[in-house]
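What follows is a set of notes on a single structure, which appears directly below.
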Amino acid sequence: MTSVTSAPVPARVVLSQADIDRALTRIAHEILEANKGSRDLVLLGIPRRGYPLAVRLAEKIAAADNTVDAAAIVGQLDVTMFRDDLSHQGTRPPYPTRLPRTGIDNKVVVLIDDVLYSGRTIRAALDALVDLGRPRIVRLAVLIDRGHRELPIRADHVGKNLPTSSAEKVRVRLEETDTSDAGAPVNEVVIEGGA
1 MTSVTSAPVP
11 ARVVLSQADI
21 DRALTRIAHE
31 ILEANKGSRD
41 LVLLGIPRRG
51 YPLAVRLAEK
61 IAAADNTVDA
71 AAIVGQLDVT
81 MFRDDLSHQG
91 TRPPYPTRLP
101 RTGIDNKVVV
111 LIDDVLYSGR
121 TIRAALDALV
131 DLGRPRIVRL
141 AVLIDRGHRE
151 LPIRADHVGK
161 NLPTSSAEKV
171 RVRLEETDTS
181 DAGAPVNEVV
191 IEGGA
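Read in order, the letters of the sequence shown correspond to residues 1 to 195 in the UniProt record's numbering.
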């Protein structure tokens, strides 16, 4: 019996830099509309790529509302030690958790992540939040929702719904964290694998 091996499927770009920018602009406006302005707003990015997305969203919110200081509403929330799947994943370094000076008590906290998949990262983020304070409201914004949820979690703000097979991988590549094979900054979302 002969075994046939197929060539690897090349990665395909599903969002370009311009697409990411448009999606973040829309999400920023949705956040302002849902919150009825910028009052008590805190954006907490989940490392690695959720944090630069939170910074970009804060800048877009500040551009839409000149009373907002973008740097003052952004923080980073590390969820590494709150994950329930640490034994199933490779070692990952924890990132520092940094809250805005005003904290999160009685604030409208928007968790920001790059890809929503099983929901386990967001469950860990909710556990981490409980240790830090008591927000008035917690919302979730993601650049990509790819489905395949294992927990009853959904995003309030989604850049793009991207139905995928579980054999595929969705990679968000941002200039703050990634470079192309040639070493140049890159801003794109690609799907790798699948048939």
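Ideal Cβ positions, reconstructed from N, Cα and C, are used throughout, including at glycine. Owing to the predicted nature of the structure, the values given are computational and were not obtained by experimental measurement.
- CA-to-CA, the gap between P10 and D105 works out to about 46 Å.
- Spatial neighbours of N161 in its own chain (CB-CB distance under 7 Å, excluding positions within 5 residues in sequence) are listed in chain order as D145.
- With distances taken between CA atoms, R120 lies nearest to H148 out of T67, P94, V130, H148.
- Residue state for V142 is assigned as strand, using DSSP reduced to three classes.
- If you look at I122, you'll find it in the alpha helix (DSSP H) that goes 120-132.
- Straight across, the Cα-Cα distance linking T179 with E30 is about 30 Å.
- Annotation for R139: I31, A34, V108, V109, V110, L111, D156, H157 place their beta carbon closer than 8 Å to its own, counting only its chain and skipping 5 residues before and after.
- For the pair P185 and E175, the Cα-to-Cα distance works out to about 5 Å.
- Around the beta carbon of P47, a 10 Å sphere encloses 16 or more other beta carbons of the protein chains shown; the residue is thus reported as buried.
- In the three-state scheme derived from DSSP, where H, G and I count as helix and E and B as strand, N66 is classed as coil.
- G133 is the residue among F82, I191, G133, Y117 whose C-alpha sits nearest the C-alpha of L99.
- In chain order, I112, D113, D114 place their CB closer than 6 Å to the CB of G50, counting only its own chain and leaving out the 5 sequence neighbours on each side.
- Within the model, the alpha-carbon separation for D127 versus F82 is close to 7 Å.
- If you draw a straight line from the Cα of L77 to the Cα of V142, it is about 15 Å long.
- G103 sits in coil when the DSSP states are folded into three classes, being neither helix nor strand.
- Counting only residues of its own chain and dropping the five nearest sequence neighbours on each side, V14 has a CB closer than 7 Å to the CB of L162, V189, V190, I191.
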